[in-house]
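These notes concern the structure reproduced below.
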Amino acid sequence: MTYLAKSPWIVHYDGSSCNGCDIEVLAALTPIYDVERFGIVNTGNPKHADIFLVTGSVNEKNREIVKNTYDQMPEPKVVVAIGICAATGGIFRECYNVMGGIDKVIPVDVYVPGCAARPESIIDGVVQALGILEAKRKAMNENPGAAKKPAGDAR
Amino acid sequence: MTKQIIVPFGPQHPVLPEPIHLDLVLEDERVVDAIPSIGYIHRGFEKLVEKREFTEYVYIAERTCGICSFIHGATYCQGIEQIMKIEVPERADYLRTIWSEYSRLHSHLLWLGCFADSFGFENLFMAAWRIRERILDVFEQTTGGRVIQGSCKIGGVRRDIANDKLSGMSRDLDSIRKEIGELTTVFLNDDTVRHRTRNIGVLSRDDAYHLGAVGPTARGSGVAIDLRKTGYGAYDRLNVPVITDSCGDCYSRCYVRCKELFTSIDLIQQAITEIPDGPIDVKVTGAPNGEYFMRAEQPRGELVHYLKGNGTKFLVRSRIRTPTLTNIPPLVKMLQGCELADVPVIVLSIDPCISCTER
Numbered sequence: 002m003t004y005l006a007k008s009p010w011i012v013h014y015d016g017s018s019c020n021g022c023d024i025e026v027l028a029a030l031t032p033i034y035d036v037e038r039f040g041i042v043n044t045g046n047p048k049h050a051d052i053f054l055v056t057g058s059v060n061e062k063n064r065e066i067v068k069n070t071y072d073q074m075p076e077p078k079v080v081v082a083i084g085i086c087a088a089t090g091g092i093f094r095e096c097y098n099v100m101g102g103i104d105k106v107i108p109v110d111v112y113v114p115g116c117a118a119r120p121e122s123i124i125d126g127v128v129q130a131l132g133i134l135e136a137k138r139k140a141m142n143e144n145p146g147a148a149k150k151p152a153g154d155a156r
Numbered sequence: 002m003t004k005q006i007i008v009p010f011g012p013q014h015p016v017l018p019e020p021i022h023l024d025l026v027l028e029d030e031r032v033v034d035a036i037p038s039i040g041y042i043h044r045g046f047e048k049l050v051e052k053r054e055f056t057e058y059v060y061i062a063e064r065t066c067g068i069c070s071f072i073h074g075a076t077y078c079q080g081i082e083q084i085m086k087i088e089v090p091e092r093a094d095y096l097r098t099i100w101s102e103y104s105r106l107h108s109h110l111l112w113l114g115c116f117a118d119s120f121g122f123e124n125l126f127m128a129a130w131r132i133r134e135r136i137l138d139v140f141e142q143t144t145g146g147r148v149i150q151g152s153c154k155i156g157g158v159r160r161d162i163a164n165d166k167l168s169g170m171s172r173d174l175d176s177i178r179k180e181i182g183e184l185t186t187v188f189l190n191d192d193t194v195r196h197r198t199r200n201i202g203v204l205s206r207d208d209a210y211h212l213g214a215v216g217p218t219a220r221g222s223g224v225a226i227d228l229r230k231t232g233y234g235a236y237d238r239l240n241v242p243v244i245t246d247s248c249g250d251c252y253s254r255c256y257v258r259c260k261e262l263f264t265s266i267d268l269i270q271q272a273i274t275e276i277p278d279g280p281i282d283v284k285v286t287g288a289p290n291g292e293y294f295m296r297a298e299q300p301r302g303e304l305v306h307y308l309k310g311n312g313t314k315f316l317v318r319s320r321i322r323t324p325t326l327t328n329i330p331p332l333v334k335m336l337q338g339c340e341l342a343d344v345p346v347i348v349l350s351i352d353p354c355i356s357c358t359e360r
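So the protein lines, in turn, are chains A and B.
Heads up: the first sequence begins at 2 in our numbering, then just goes up one per residue.
Heads up: the second sequence begins at 2 in our numbering, then just goes up one per residue.
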């Protein structure tokens with residue numbers, strides 16, 4: 002983790018999950034797993050965040066919120082889909098109000114398996130996302146015109 | 002007249018782990034009304050009973066909610082067993098009760114943490130969740146899963162717990178009781194906590210009763226309802242005290258949950274001393290024909306599973322009424338008249354579980 006120039010902050014949104022993955026995301030922040038020691042902070046504000054953690058699938062009502070949250074995050078950003086529901090809809094995929102995985106709405110960089118995903122695999126997914134984030138940052142610095150940089154972004 | 006403004010609260014909000022949306026009608030800093038709207042995590046899996054066999058639906062019933070998953074699974078199984086008139090072996094009843102009470106411990110500790118977070122006491126949040134991990138370790142050792150256990154099935158349970166493991170769990174609970182004692186002392190006696198919770202979000206006994214509050218929300222207002230008293234599972238053989246408090250504010254609801262932690266530990270230890278040896282499941286043949294309302298006490302209150310079968314492998318209807326849904330009208334009542342800065346504390350005080358609510 003030494004290559005990290007910045008402390009990556011995460012924002013979490015619960016699509017239509019059963020809650021199992023959400024509490025495991027929170028558990029990853031608490032003393033046993035404690036990702037805060039790496040500077041990873043759970044923020045409620047998408048404009049402060051680098052990594053977007055989504056649990057659960059999308060439906061007609063929350064797709065706009067997922068999209069909105071994603072759009073508000075500054076570049077570069079990565080999306081981690083946590084749990085099988087966020088990947089495909091999982092056990093609920095045949096329900097009438099489940100559209101499927103969140104990749105139907107926003108691009109996903111890392112898929113974390115599990116029902117419910119374990120904190121260890123969530124942390125593993127976030128670490129992989131950090132690599133992708135760094136690569137995106139590098140690509141952005143080399144070619145500043147390629148990614149649209151929101152106004153007022155100090156980085 | 003002061004000008005009214007509407008402030009949206011949620012669905013994506015720092016104190017809410019799950020999305021619920023409230024339109025708060027404000028006059029200056031005072032909330033005069035709250036208009037809830039739900040539906041962000043509605044999946045509609047009640048309809049899946051038509052596509053899944055009744056034995057497979059246990060897994061879906063369990064995933065109603067990741068916090069009280071075991072109780073959902075057990076309630077569904079008990080409902081089906083009532084329709085099919087299956088006698089569950091006594092040991093299975095006790096094991097279900099032990100896991101249910103562990104679920105309550107884990108849920109209440111989780112809630113205490115989130116509640117502390119809602120009034121900005123980060124350290125307490127971490128302390129509560131650290132103890133909670135010890136409960137999850139027990140789940141992992143006995144069922145293989147941390148939050149979704151999958152150990153309940155129609156006709157009994159899937160796994161047994163060896164007797165020496167059970168007595169080990171009982172001894173472990175003594176040290177957990179000590180840690181919880183220290184934790185709840187802070188919640189109940191600390192000045193800063195008291196300042197944020199006393200006389201905040203008051204719900205009178207009459208309102209709690211008439212608006213249909215359930216669980217610790219009702220018991221915090223002095224309504225002594227506890228479904229465990231109906232004696233499902235092994236509860237008829239155990240001594241279940243009902244804990245109530247009379248003030249009806251956030252502190253009372255916190256008090257009830259803090260004391261219930263100790264009740265749960267007592268119940269588990271009592272169950273471990275009384276658990277009989279024997280088989281853990283019976284063979285299930287045939288299919289359910291008939292209907293049943295199964296009621297059980299979840300950490301948040303009364304849970305109802307209505308099940309109807311027509312003699313085939315597929316049920317005709319499943320209806321789940323969860324405690325948070327019935328606690329939303331009392332929540333709206335509590336919010337009327339409070340200050341905007343207290344809204345997160347009050348919303349958290351009913352222990353909202355939106356995944357349950359919207360199914």
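Ideal Cβ positions, reconstructed from N, Cα and C, are used throughout, including at glycine.
When DSSP states are grouped into helix, strand and coil, B/Ile-177 belongs to the helix group. Chain-order list of chain B residues neighbouring A/Glu-25: Gly-67, Arg-147 and Val-148, by C-beta distance under 9 Å. Excluding the 5 residues flanking it on each side, A/Ser-8 has same chain C-beta neighbours closer than 8 Å at Phe-39, Gly-40, Ile-41 and Val-42, in chain order.
Going by C-alpha positions, B/Cys-153 is about 29 Å away from A/Val-55. With contact defined as three or more Cβ pairs closer than 8 Å, the stretch 93 to 112 of chain B and the stretch 57 to 69 of chain B are in contact.
Distance check between B/Arg-133 and each of A/Val-12, A/Asp-23 and A/Thr-31 places A/Thr-31 closest, using alpha-carbon atoms only. The closest CA to that of A/Asp-72, considering only A/Asp-125, A/Ala-136, A/Asn-46 and A/Gly-57, is found on A/Asn-46. Your pair B/Ala-288 and B/Phe-55 checks out as a contact, with CB atoms roughly 7 Å apart and the cut at 8 Å.
The C-beta of B/Trp-100 comes no closer than 9 Å to any C-beta of chain A.
Where A/His-13 is concerned, the enclosing beta strand (DSSP E) starts and stops at 10 to 15.
Around B/Val-344, the same chain offers Phe-10, Leu-25, Val-32 and Leu-336 as residues with beta carbons nearer than 7 Å, after the five sequence neighbours per side are excluded.
Here B/Ala-272 is near B/Thr-98, since their CB atoms are less than 9 Å apart. When rounded, the separation of the alpha-carbon atoms in A/Arg-138 and B/Gly-114 is 36 Å. Assignment of B/Ile-329 by DSSP, reduced to helix, strand and coil, places it in the helix class. For the stretch 330 to 356 of chain B, the beta-carbon criterion of a distance under 9 Å to any beta-carbon of chain A is satisfied by Cys-354, Ile-355 and Ser-356.
Judged by DSSP in its simplified three-state form, B/Leu-212 adopts coil rather than helix or strand.
Neighbourhood of B/Trp-130 in chain A, by CB distance below 9 Å: Leu-27, Ala-28, Leu-30, Thr-31, Pro-32 and Ile-33, in chain order.
Scanning chain B for C-beta atoms nearer than 8 Å to the C-beta of A/Arg-119 yields Arg-147, reported in chain order.
Nearest CB-CB separation between B/Ser-70 and chain A: below the 9 Å threshold. In summary, B/Gly-182 is exposed, with fewer than 16 beta-carbon neighbours lying within 10 Å of its beta-carbon over all protein chains present.
Counting of Cβ neighbours within 10 angstroms places B/Gln-142 among the exposed residues, the total staying below 16. Scanning the stretch 283 to 344 of chain B from its first residue to its last, the whole alpha helix (DSSP H) runs of 4-plus residues come out as 324 to 336. One Cα belongs to B/Ser-168, the other to B/Leu-349, and the distance between them is close to 35 Å.
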